[in-house]
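Trainee: Under the numbering used here, think of the first position of the sequence shown as 1, with each following residue one higher.
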Amino acid sequence: MKIHSIQHFENMQMMCRYFEAKSKYDDLYVIEFETSKIINSIIEKEDDNIVGIEKILDFLAIVEKSNHAGGSHWQDYEIHVLAIVKINRLSINKAI
Numbered sequence: 001m002k003i004h005s006i007q008h009f010e011n012m013q014m015m016c017r018y019f020e021a022k023s024k025y026d027d028l029y030v031i032e033f034e035t036s037k038i039i040n041s042i043i044e045k046e047d048d049n050i051v052g053i054e055k056i057l058d059f060l061a062i063v064e065k066s067n068h069a070g071g072s073h074w075q076d077y078e079i080h081v082l083a084i085v086k087i088n089r090l091s092i093n094k095a096i
């Protein structure tokens with residue numbers, strides 16, 4: 001998938017590490033850590049934007065239905081993810 005900018009993606013990786021650190025002391029961060037790790041991997045490795053977007057949105061929906069910390073760090077992470085989703089949707093539309 002297309003990454004908005006290296007700094008943007010590095011911020012997402014930093015937030016994943018934050019969730020990982022918090023998950024060691026608070027179970028509400030476990031799903032945020034695991035999901036952010038999976039989503040970051042999808043962004044890095046998925047070549048098909050349509051498949052990647054579908055997977056990402058499914059994982060975000062799972063977190064929202066779960067009991068999780070849901071603080072400002074998670075909201076910031078979601079904003080970063082949705083920016084990448086938007087960029088990749090635009091690239092799909094241009095290709096059509």
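The beta-carbon is built from N, C-alpha and C at its ideal position, and this holds for glycine as well.
If you count every other CB in all the chains shown that lies within 10 Å of the CB of Gly52, and 16 or more means buried, which is it?
Mentor: That one is buried.
Trainee: Quick check on Met12: does DSSP put it in helix, strand or coil?
Mentor: Helix.
Trainee: Thinking just about the alpha-carbon of each residue, which of Leu28, Val85, Leu90 and Ile87 is nearest to the one in Lys65?
Mentor: When each option's Cα is compared against that of Lys65, the closest is Leu28.
Trainee: Rounded to whole angstroms, what's the CA-CA distance from Glu20 to Ser91? Just pull it up for me.
Mentor: Glu20 and Ser91: Cα-Cα distance of roughly 32 Å.
Trainee: Within a Cβ cutoff of 8 Å, which residues of the same chain sit near Asp26, ignoring the five residues on either side of it in sequence?
Mentor: So the qualifying residues of the chain are Ala69.
Trainee: Roughly how many angstroms lie between the CA atoms of Glu10 and Ser36, to the nearest whole one?
Mentor: Their backbone Cα atoms lie some 12 Å apart in a straight line.
Trainee: Just checking my contact of Ile56 with Ile39 at CB under 8 Å: how many whole Å lie between their CB atoms?
Mentor: Right, their Cβ atoms sit about 5 Å apart.
Trainee: Is Ile31 near the ligand ADP, judged by its Cβ being under 8 Å from some heavy atom?
Mentor: Only the bare structure without any ligand can be found here, which leaves the ligand ADP out of the picture.
Trainee: Among residues of its own chain, excluding the 5 on either side of Val85, which ones have a beta-carbon nearer than 8 Å to its beta-carbon?
Mentor: Ile53, Ile56 and Leu57.
Trainee: Tell me, to the nearest whole angstrom, how far the beta carbon of Phe33 is from that of Ser23; I am working on the premise that it is less than 8 Å.
Mentor: Yes, they are in contact, since the Cβ atoms of Phe33 and Ser23 sit about 4 Å apart, within 8 Å.
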